[in-house]
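Input: a single structure, listed below in structure tokens.
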Amino acid sequence: MSVEAVWKELNIKHAKPSIEEVLASGKFLVSGEIGPPKGPDVEEVIHHIDLMKDKVHSMNITDNQSSVMRYPSLATALMILERGGEPNLQVTCRDRNRMSLENELLFAYTRGVRSVLCLTGDSVPVGDHKDAKSVFDLESVQLLNMMRTMEEGNDLGGNEMNAPVKFFKGAIVTPEASPIEPQLIKFEKKVEAGAQWIQTQAIYDMDNFAEFMKTARKYPVKLQAGLVLLTSAGMAKYMNANVPGVKVPQDLIDEMAASEKGKAIDTGIRIMARHIKRIREENLADGVHIMAIGKEAVVPRILEEAELDINAL
Amino acid sequence: MIVSRPKAFESILKELEDAKSVFLVGCGDCATVCQTGGEDQVKEMTEKLTAEGKAVTGNVIPETGCQELDVKREFRAHKDELEKAEAVMVMSCGAGTQAARSGTEKPVFPANDTMFLGNVMRVGQFEEKCRLCGDCVLDMTGAVCPVTRCHKGILNGPCGGTNEGKCEVDPDKDCAWTLIYQQLEKEGKLSKMKEYQPPKNWNPELKPGRIVLEREKGGE
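For the protein sequence lines, the chains are A and W, in the order given.
Read the first sequence against my numbering and you will find it ends at 319, with the numbers running on by one and no gaps.
Read the second sequence against my numbering and you will find it ends at 639, with the numbers running on by one and no gaps.
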């Protein structure tokens, strides 16, 4: 049975084009991000999905983000499909061995998930289950390769499956990593392992990003710039001090600090909208990935200020 | 070197429960270097247990605490002291504790936690550089082990958490992939880093491991 027949049998519908289709059409790819809830109450996450589903092409769903145990990424992806959005399933290698990664992808495939973002995952001790055993049987490059094996109809044990799978495979890169050279080698390996498009870690310095893109453009992959919403000057300083590979320039911190009391988020929205405009105007990237961590409700406002309407592209 | 760390004395007392007399076993090798089971520590443990009202019937510090034949020989030489004890407390690694297990019918307890295979950096300073994975990749990585020295054991390059050459998980530790990059660059062998490393065989030897050298097998 073809996967399309499986989807029909299970009454799975795709209301939106896939990420692959959006990029192939040459459109500027706009995605948002959904952080699954801590526990079984999905009211808020459903609200966020409904707010975003028609404003962005797709939504990433984080996978136990920052090693904090949450509602499953795949379950949230299915919820997005059911509500007429397009999910981009994030899969990390921290919590599952290769067998578990394989069977989760089989499940995702038959239930209509078409895009997967492959990540190694944060380390266990940074999260909220510090005593847990970390798996890391595979890492991001090997996960990409594993998916290619599955697309050839085989599993990692060297056995033939009864049919191949097919996904649009994504990966990430950290343009501000220091040193950058080893990061670029890994970037190249991800592309060679089958990554078809790339999302970046949060970037704030557009000049640095433009410089990075000169290198990245040499590879045959589309790339989305990752943008994290600043909500206060303190948050920017915190990220600079604590999140490797994220560098918020001082002028943006000053701009945030100069916000009217209680209006810092408006400044953050303005900054992100400005960056989105510049990325589009200068064709710096093939799209943007908007991470409004904890403030998902403002994503439509960001897009409005950036004058970015995906339905008008 | 097997690096061990002493358990809290309260938990040692809890292990011993109502045992009134104890025979102590140290180790003349790793646990002596780690200062967890050498002569000084055995003496100190004797004093502390005595102060708690336990009778320490004697002790032995085998040259190498995990050499089972030697441990058994030492136990035979200290038979009387061992016989008088209700419990045996081993100030060595987990291997040493189980070597003691093979040498006596008495209840055996560990005084230490066994931490890792460590390089001795200087007196009292140990660092884990090999994880005993059984499938060595050091030929590809400039003799810096990513399986051990990268927190996530990544085989194909650094994660996004590398921070000015340090690890995001512990800023006191070097990012293994920065070290590997620097070494291979020096050797003019960055092509090795660019080569795809396939998923590892985590079962090169069925656990628990056992190796018998061909020439030592009986009848050959």
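We put the CB at the ideal spot given by N, CA and C, even for glycine.
Those residues which DSSP pairs with residue i across a bridge
i, result
"Asn37(A)", "A quick correction: the sequence has Ser, not Asn, at residue 37(A). DSSP output for Ser37(A) lists Ser64(A) and His295(A) as bridge partner(s)."
"Glu166(A)", "Asn160(A)"
"Ile178(A)", "Gln205(A)"
"Asp593(W)", "Lys585(W)"
"Met508(W)", "Leu443(W) and Phe528(W)"
"Glu546(W)", "Asn538(W)"
"Thr533(W)", "Ser423(W)"
"Leu233(A)", "Ile296(A)"
"Lys433(W)", "Its beta-bridge partners do not exist; DSSP assigns none."
"Gln96(A)", "Leu123(A)"
"Val475(W)", "Val441(W)"
"Ser184(A)", "Asn582(W)"
"Lys228(A)", "Trp203(A)"
CB contact below 7 Å: residue i versus chain A
i, result
"Glu639(W)", "In this prediction, Glu639(W) scores a pLDDT of 46, lower than 50, which makes its location untrustworthy; the coordinate-derived value is nonetheless stated afterwards. No, because no Cβ of chain A sits closer than 7 Å to the Cβ of Glu639(W)."
"Cys578(W)", "yes"
"Met612(W)", "yes"
"Asn622(W)", "no"
"Glu583(W)", "yes"
"Glu587(W)", "yes"
"Lys525(W)", "no"
Cutoff 7 Å: residue i Cβ touching any chain W Cβ
i, result
"Gly274(A)", "no"
"Pro42(A)", "no"
"Val147(A)", "yes"
"Phe142(A)", "yes"
"Ile191(A)", "yes"
"Glu310(A)", "no"
"Gln207(A)", "yes"
"Ile299(A)", "no"
"Lys22(A)", "no"
"Thr221(A)", "no"
"Ala216(A)", "no"
"Lys402(A)", "For residue 402(A) there is no data in the structure shown, the boundaries of chain A being 7 and 319."
"Lys136(A)", "no"
"Lys195(A)", "yes"
"Thr180(A)", "yes"
"Ser129(A)", "yes"
"Ser8(A)", "no"
"Pro78(A)", "no"
"Pro188(A)", "yes"
"Ala183(A)", "yes"
"Thr155(A)", "no"
"Thr126(A)", "yes"
"Ala242(A)", "no"
Option in the options with minimal Cα separation from residue i
i, options, result
"Glu166(A)", "Thr155(A), Asp47(A), Lys175(A) and Glu266(A)", "Thr155(A)"
"Cys446(W)", "Pro618(W), Lys503(W) and Asn478(W)", "Asn478(W)"
"Ala222(A)", "Leu125(A), Gln189(A) and Lys14(A)", "Gln189(A)"
"Asp60(A)", "Val122(A), Ser37(A) and Ala231(A)", "Ser37(A)"
"Met559(W)", "Lys498(W), Thr567(W), Lys613(W) and Gly522(W)", "Lys613(W)"
"Thr567(W)", "Thr581(W), Leu536(W), Gln544(W) and Val542(W)", "Leu536(W)"
"Gly274(A)", "Arg286(A), Glu261(A), Thr206(A) and Arg284(A)", "Glu261(A)"
"Pro3(A)", "Ser140(A), Phe34(A) and Ala291(A)", "Because chain A spans 7 through 319 in this model, residue 3(A) falls outside it and cannot be assessed."
"Ile209(A)", "Met245(A), Lys14(A) and Leu95(A)", "Met245(A)"
"Lys175(A)", "Glu198(A), Pro306(A), Gly159(A) and Asp137(A)", "Glu198(A)"
"Ile421(W)", "Arg550(W), Leu574(W) and Pro565(W)", "Arg550(W)"
* Asked: Taking any Cβ of chain W, which residues in the region 90-110 of chain A have a Cβ under 7 Å from it, in chain order?
  -> The region 90-110 of chain A vs chain W, Cβ under 7 Å: Arg104.
* Indicate whether the contact test is met: 3 or more Cβ pairs, each with one atom in the region 423-438 of chain W and one in the region 452-465 of chain W, closer than 8 Å. => yes
* **the region 588-607 of chain W / the region 168-182 of chain A touching (three or more Cβ pairs under 8 Å)** => no
* Could you tell me whether the region 280-300 of chain A touches the region 257-267 of chain A, using the rule of 3 or more Cβ pairs below 8 Å? => Contact fails: fewer than three Cβ-Cβ distances are below 8 Å.
* Asked: Any contact of the region 575-594 of chain W with the region 240-258 of chain A, i.e. 3+ C-beta pairs under 8 Å?
  -> yes
* Asked: Are at least three pairs of beta-carbons, each pair with one atom in the region 477-493 of chain W and one in the region 430-440 of chain W, less than 8 Å apart?
  -> no
* Proximal residues, the region 548-578 of chain W versus chain A, C-beta separation under 7 Å -> Under the 7 Å Cβ criterion, the region 548-578 of chain W contributes His570, Lys571, Gly572, Ile573, Leu574, Asn575, Gly576, Pro577 and Cys578.
* Listed from N- to C-terminal order along the chain, which residues in the region 248-278 of chain A have their beta-carbon within a distance smaller than 7 Å of any beta-carbon of chain W? -> Pro250 and Gly251
* **Near-chain A residues of the region 593-617 of chain W (beta-carbon distance less than 9 Å), N- to C-terminal order** => Cys594, Trp596, Thr597, Ile599, Tyr600, Gln601, Glu604, Leu609, Met612, Lys613, Glu614, Tyr615, Gln616 and Pro617
* Asked: Are three or more beta carbon pairs between the region 98-116 of chain A and the region 35-53 of chain A nearer than 8 Å?
  -> No: the two stretches stay apart, fewer than three of their Cβ pairs being nearer than 8 Å.
* For the 8 Å Cβ check, are there 3 or more pairs between the region 546-560 of chain W and the region 223-235 of chain A? -> Cβ pair count under 8 Å is below three, so no.
* Contact between the region 528-544 of chain W and the region 492-501 of chain W (3+ Cβ pairs under 8 Å) -> no
* Of the residues that make up the region 156-175 of chain A, which ones have a beta carbon closer than 7 Å to any beta carbon in chain W? -> Leu162
* Using 8 Å as the threshold, is the region 40-51 of chain A in touch with the region 66-78 of chain A, meaning 3 or more CB pairs across them? -> yes
* Hey, is the region 611-627 of chain W in contact with the region 138-153 of chain A, meaning 3+ C-beta pairs nearer than 8 Å? -> yes
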